[in-house]
Every structure is written in C-alpha cells, then in structure tokens.
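What follows is a single structure, written as structure tokens, with notes after it.
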C-alpha cells in the first residue's frame, strides 16, 4: 500500500448515505483533525443528513447534494451539480477522502484536482479504470466483511500513517441545551428519565407495539418517567399512537415523537438516565453520547451495525429465534423479526442499567 508522509491544509470528506452512516464517519473527521490540526476540513453529503454534522466543531464547511434536485428536471439537476463541482474545485483541496461508492462522489473527487484522492476498492468498482482515475490511491476493502462500519471507514486512512481516533461524535448547540432546559421544566421530567425510540425507517427492525407498551407500563410501575420519541414520518407517528393505545397510563408519558430536531434529540438522549431503542440513528446517537442504552437488534448485520463503543447492552433477536440472514430480507416486509425478544429480558436489562 502507498504510504504518504506529508501534511495537508485543505481536506474534503465525501459520504453520501443515511443519517446513521454520517454519524459513523465522525471518527475519520476526528482522526484527520488530530493529525492535521491547522487543516480546514469540509464535508460533502446529502442535504437531509446535514443535521448529523452541522454542530461538529472539527468541520469548517458542509456542502450538499439535494436529492430533490432530480424532481426539478434533468437540466436543472445537472446545472446545480455542475455549480457544486465548480465550488468544490475553488476550495483547492490537497486531500480528498471519498468514503462513498457512488459514481457521482467519485466524479466530484476528480473535479477537485486534489493532489491526493483516497477511495475504496469497492467490489462493484474493482475493474473500472475510470474509478481508479478518480482516485489516485485505492484502499482495499478485502477485510470489510469482518469489520464494524466505523472500522471500515477508518481503514481508508491507512495510507496516511496517522494515529486513529475511533470515538463517534454527536454534537449539539447551546440553543439545543436551552430547549432541553425548557422541555424538562414543561414536562416536569426527573433526572433519570428514560428515552424510548421504538421506530426505525425500516419496520422490519422494530419490536411489536404491544410488547413496547408492556415494557413502558412496567417501567412506569417502577416509578420511571418515559419520554417517547420518533422521526416525523407518518408511519412512525402512527406506530407511536398504536403503542400509546396499549398503555393504560399513557397520560403521564411525555410524547415528543416527531417534534424534535436531530440535535434536540441528541441533547435529550445525552441527559437521559437510559435510552431504549431499535437499530436506528437514535441508537447510534445514544452510543456516541455514552448514554446507557438497551438496543433491540435484528436482523441487520450485527458485526457491522451494532452500537459502537456503547455503554449498555445489545439484545440480539437471533438469540431467541431463528432469523433470516440480512441479505435475504425484503425491506418492505411487514415481518417483525424482533418479536422473539421477550419483554422481561428487555425490562430486566433496563433495570440493571438504571440501578
């Protein structure tokens, strides 16, 4: 592998994926900032994921691709992407770290004309000369099957010979702290409140609503205060309502589902006594913030996506029933693979981390 022993002044990190994926790129950003403390570090991402990184103190500028551009017509989309390419070229980057596998990301890396452009040797790009032209250093992905996503991302830095910082960072603002103060006062939340986020953008990753309601009721009976959160999508809010319908004491549950920004959710989780949730961006945030957590997991690839450096426990559905391999899952299935996880197991695990 090529080894680079030089300093960099202007760095661009590219990742075009979902919210959780963006959070798991922060160890790369932290490692680069530690190695090159005077460097300007920018990020290129999808617009909707910007909140995951907008308060990160190590990032100078965030540029984005807006997936809604495609709805404005092909000419408009191409024009906006061309303008973005011009802006990136003007930044005069000397290092580009492309974590993405899309052709679009590779082309933006090439457009920068950075002296060093790192890219992964993704299986689907292995025999492409153009992919190799876009990146002048290609990093192997041969061992990625055995690595967590954080470790996969960090492996792209190997040619730089820099120390690795593997902590994931979720940052929020002073305004978010003020929001939390006001929210705690409004809902009279105690210090050891529990944040429960039962939803995911993929329903096959979710537990049953009645089981979640039973868990909430048992926690309430033990005098714990529960805060329910979710994303703003209609199907997630509908799931929250179904859970509440099964809760005999729903009137004393604080429901903030669909009402928080991602950074507000972060400060809420950061100050909680416990987080309980499924495989979602909120789970990764809780792990990053070192809030004690109970993660209900399956059937995602546990080795790739388990909560990184979490304080708490992950309950794997595969320990209670046979579940299919993640590669064989249809994402639109209505099957609840977490159903096998017993309520008492989750409850007892939660109590253990609350005491």
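Residue numbers (this note's numbering): 75 to 429.
Built from N, CA and C at the ideal position, the CB exists for glycine as well.
query: Rounded to a whole number of angstroms, what is the C-alpha to C-alpha distance between residue 95 and residue 333?; result: 22 Å
query: On the CB-based measure, 16 or more other CB atoms within 10 Å of its CB, does residue 338 come out buried or exposed?; result: buried
query: Would residue 205 count as contacting chain D if we go by Cβ distances under 8 Å?; result: Chain labels in this structure do not include chain D; a single protein chain is all it has.
query: If you draw a straight line from the C-alpha of residue 315 to the C-alpha of residue 325, how long is it?; result: 12 Å
query: Provide the residue span of the alpha helix (DSSP H) that contains residue 94, from first to last.; result: 93-97
query: Would you kindly check if the distance between the Cβ of residue 374 and the Cβ of residue 400 is under 8 Å?; result: yes
query: So, is residue 395 buried or exposed, given that buried needs 16 or more other C-beta atoms within 10 angstroms?; result: exposed
query: For residue 388, which beta-bridge partners are listed by DSSP?; result: 369
query: In the DSSP assignment, find the unbroken alpha helix (DSSP H) run with residue 271 in it and report its ends.; result: That residue, residue 271, is in no alpha helix (DSSP H); its beta strand (DSSP E) goes 268-271.
query: For residue 372, count the other beta carbons within 10 Å of its own beta carbon; 16 or more makes it buried, fewer makes it exposed. Which is it?; result: buried
query: Give the DSSP bridge partners of residue 116, in chain order.; result: 86 and 135
query: Opposite residue 195 in the DSSP bridges: which residues?; result: 214
query: Select from 407, 329, 361 and 214 the residue whose C-alpha is nearest the C-alpha of residue 387.; result: 361
query: Which ranges would you report for the alpha helix (DSSP H) in the region 284-365 if only whole runs of at least 4 residues count?; result: 308-319, 336-344 and 355-362
query: Go ahead and label residue 152 buried or exposed: buried means 16 or more other beta carbons lie within 10 angstroms of its beta carbon, across all protein chains shown.; result: exposed
query: So, using beta-carbon positions, are residue 173 and residue 230 closer together than 8 Å?; result: yes
query: Whole angstroms is fine: what's the gap from residue 306's alpha carbon to residue 331's?; result: 7 Å
query: Would you kindly work out how many angstroms separate the C-alpha atoms of residue 299 and residue 268, rounded to a whole number?; result: 6 Å
query: As a quick exercise: from 349, 223, 171 and 166, pick the residue whose alpha carbon is nearest that of residue 191.; result: 171
query: Select from 208, 416, 105 and 185 the residue whose C-alpha is nearest the C-alpha of residue 236.; result: 105
query: Under 8 Å, with one C-beta from each stretch per pair, do the region 116-125 and the region 88-102 reach the 3-pair mark?; result: yes
query: Beta-carbon separation of residue 281 and residue 367 under 8 Å?; result: no
query: For residue 262, count neighbouring Cβ atoms within 10 angstroms of its own Cβ and tell me buried if that reaches 16, exposed if not.; result: exposed
query: In the structure shown, what three-state DSSP assignment does residue 201 receive?; result: coil
query: Do residue 101 and residue 227 count as a contact pair if the criterion is CB distance below 8 Å?; result: yes
query: Is the beta carbon of residue 162 sitting closer than 8 Å to the one on residue 82?; result: no
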